[in-house]
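Enquirer: Below you'll find the structure I mean.
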Amino acid sequence: MTLPTLDNLGKGPFFLMAGSCAIESNDLAFEIAEKIDGITKSMGIPYIFKGSYRKANRTKIDSFTGIGDIKALEILQAVGKHYSLPTVTDIHESAEAAMAAAYVDVLQIPAFLCRQTDLLAAAAQTGKAVNIKKGQFMSGTSMRFAVEKVLHENPEAVVYLTDRGNSFGYGDLVVDYRNLPEMSAMNVPVIMDCTHSLQRPNQTTGVTGGQPALIETIAKAAIAVGADGIFIETHPNPSVAKSDGANMLPLDQLEGLLEKLLRVREAIV
Numbered sequence: 548m549t550l551p552t553l554d555n556l557g558k559g560p561f562f563l564m565a566g567s568c569a570i571e572s573n574d575l576a577f578e579i580a581e582k583i584d585g586i587t588k589s590m591g592i593p594y595i596f597k598g599s600y601r602k603a604n605r606t607k608i609d610s611f612t613g614i615g616d617i618k619a620l621e622i623l624q625a626v627g628k629h630y631s632l633p634t635v636t637d638i639h640e641s642a643e644a645a646m647a648a649a650y651v652d653v654l655q656i657p658a659f660l661c662r663q664t665d666l667l668a669a670a671a672q673t674g675k676a677v678n679i680k681k682g683q684f685m686s687g688t689s690m691r692f693a694v695e696k697v698l699h700e701n702p703e704a705v706v707y708l709t710d711r712g713n714s715f716g717y718g719d720l721v722v723d724y725r726n727l728p729e730m731s732a733m734n735v736p737v738i739m740d741c742t743h744s745l746q747r748p749n750q751t752t753g754v755t756g757g758q759p760a761l762i763e764t765i766a767k768a769a770i771a772v773g774a775d776g777i778f779i780e781t782h783p784n785p786s787v788a789k790s791d792g793a794n795m796l797p798l799d800q801l802e803g804l805l806e807k808l809l810r811v812r813e814a815i816v
């Protein structure tokens, strides 16, 4: 399996980082991976399977956090081996880096934690690729310091930067597409998170809302601006997803969306 980099992407298709928000079960992970693997292979789109082994950033005390760290990580590892796919998962504390790195190919730094020096250093020290999500409170330009922290620990590290919108008031996000070229100038692949950027956090219900009808809009604009990759959380039935169902793309809509995005990509390269 080969991770997408600026060197091997060239003028070809964008790459896709996608899966359910959280690892809910072995069967669901394999169902999602099989569907997306088939679609992306037929389209020539490099694919990284995504799943969070644990959800640490939850609104309420009784919100779903996971099925058990090692159990979920073993599912991620099994998916990767079965389909020969690279895999990505979030880490939240420095001590988790080495544990997760034993099972996945890319360690993801959540947006709220993108300034945590020890966490970035721990991820880099594993030798795995590092995907840093841009904080909702950060500009694209300011993310160069996060990249520098990773490369300081491991100058050979593969680093990705992912935009997921900026805070707009207390309960909404807005995408500033200036962030994509600003981050591309750091000579790293830049990804647009098309689902989390449509979240409506901090709702009084204690459940984060979303606007999944706008996923296609966000994705098309990102490709047009020059994003190297697209991040999408997807589920066969988002209404019953255990985490972030309000902003997920129904799995049966993914293929049609990717077809449109390929046409946008072909028009600009």
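In terms of this note's numbering, the sequence shown opens at residue 548 and continues consecutively. From the three backbone atoms N, C-alpha and C, an ideal C-beta is built for every residue, glycine too. Every value quoted in this text rests on a predicted model; they were computed, and no experiment measured them.
1. Mind checking who S714 pairs with in its DSSP beta bridge?
2. Straight-line CA distance for T549 to H629?
3. Let me confirm a value: P702 is counted as buried when at least 16 other C-beta atoms fall within 10 Å, else exposed. Which label applies?
4. Could you please give the first and the last residue of the uninterrupted alpha helix (DSSP H) stretch that includes N555?
5. Going by beta carbon distance, what residues of the same chain come within less than 8 Å of P551, once the five residues before and after it are set aside?
6. Per DSSP, which one or two residues make a beta bridge with P797?
7. Would you kindly check if the distance between the Cβ of S744 and the Cβ of V722 is under 8 Å?
8. Measuring only the C-alpha atoms, how far is A668 from A788?
9. Is K597 helix, strand or coil by DSSP?
10. Is there contact here, the region 672–679 with the region 575–585, by at least three beta-carbon pairs under 8 Å?
11. Please go through the same chain and pick out, in chain order, the residues whose beta-carbon is closer than 7 Å to the beta-carbon of T664, but skip the five residues on each side of it.
12. Using a threshold of 8 Å, state whether the C-beta atoms of K602 and A648 are closer than that.
13. Can you round the beta-carbon distance between L804 and M590 to whole angstroms, since I take them to be within the 8 Å contact cut?
14. Within the continuous alpha helix (DSSP H) that includes G627, where are the two ends?
15. Could you pull out every unbroken alpha helix (DSSP H) segment of at least 4 residues lying fully inside the region 661–703, listed in chain order?
16. Let me confirm a value: A658 is counted as buried when at least 16 other C-beta atoms fall within 10 Å, else exposed. Which label applies?
17. Measure from the alpha carbon of S714 to the alpha carbon of each residue in E802, G613, G682, A793, then state which is nearest.
18. In its own chain, which residues sit with a C-beta less than 8 Å from the C-beta of E700, not counting the 5 before and 5 after it?
19. Nearest-angstrom Cα distance between K558 and V705?
20. When you compare each of T781, A769, P783 to G807 by their alpha carbons, which one comes out closest?
21. Could you please give me the residues that DSSP links to D740 through a beta bridge?
22. Let's see if you can read the secondary structure: which residues bound the alpha helix (DSSP H) around T764?
23. Give me the Cα-Cα distance between G674 and Q800, rounded to the nearest whole angstrom.
24. One question on the structure: do E780 and S567 come within less than 8 Å of each other, judged by their Cβ atoms?
25. Could you give the residue range of the beta strand (DSSP E) that holds L513?
26. Considering only C-alpha positions, which residue in the set A619, E621, Q624, L632 is nearest to K588?
27. Just grab the DSSP bridge partners of V706 for me.
28. Compute the beta-carbon to beta-carbon distance between V635 and K597, rounded to the nearest angstrom, for a pair I have assumed lies under 8 Å.
Expert: Considering the structure as presented:
1. Checking the DSSP bridge columns, you'll see S714 partnered with L720.
2. 15 Å
3. exposed
4. For N555, the enclosing alpha helix (DSSP H) covers residues 553–556.
5. Within the same chain, P551 has close Cβ partners F562, P593, I595, P736, D775, G776.
6. H782
7. yes
8. 32 Å
9. strand
10. no
11. So the qualifying residues of the chain are K696.
12. Cβ distance not < 8 Å, so K602 and A648 don't count as in contact.
13. The pair is not a contact, with the Cβ atoms about 11 Å apart (cut-off 8 Å).
14. The continuous alpha helix (DSSP H) containing G627 extends over residues 616–630.
15. Complete alpha helix (DSSP H) runs here, min 4: 664–672, 691–700.
16. The residue is buried, with at least 16 neighbouring Cβ atoms inside 10 Å.
17. G682
18. Cβ within range, chain order: L667, A668, A671, Q672.
19. 19 Å
20. One detail in the question is off: residue 807 reads as Lys in this sequence, not Gly. The shortest Cα separation from K807 among T781, A769, P783 belongs to A769.
21. F778
22. 762–772
23. A direct Cα-Cα distance of roughly 35 Å separates G674 from Q800.
24. yes
25. An answer regarding residue 513 cannot be provided, because it is not within the stretch 548 to 816 covered by the chain.
26. L632
27. V677
28. The beta-carbon distance between V635 and K597, rounded to whole angstroms, is 5 Å. This is short enough to meet the 8 Å contact definition.
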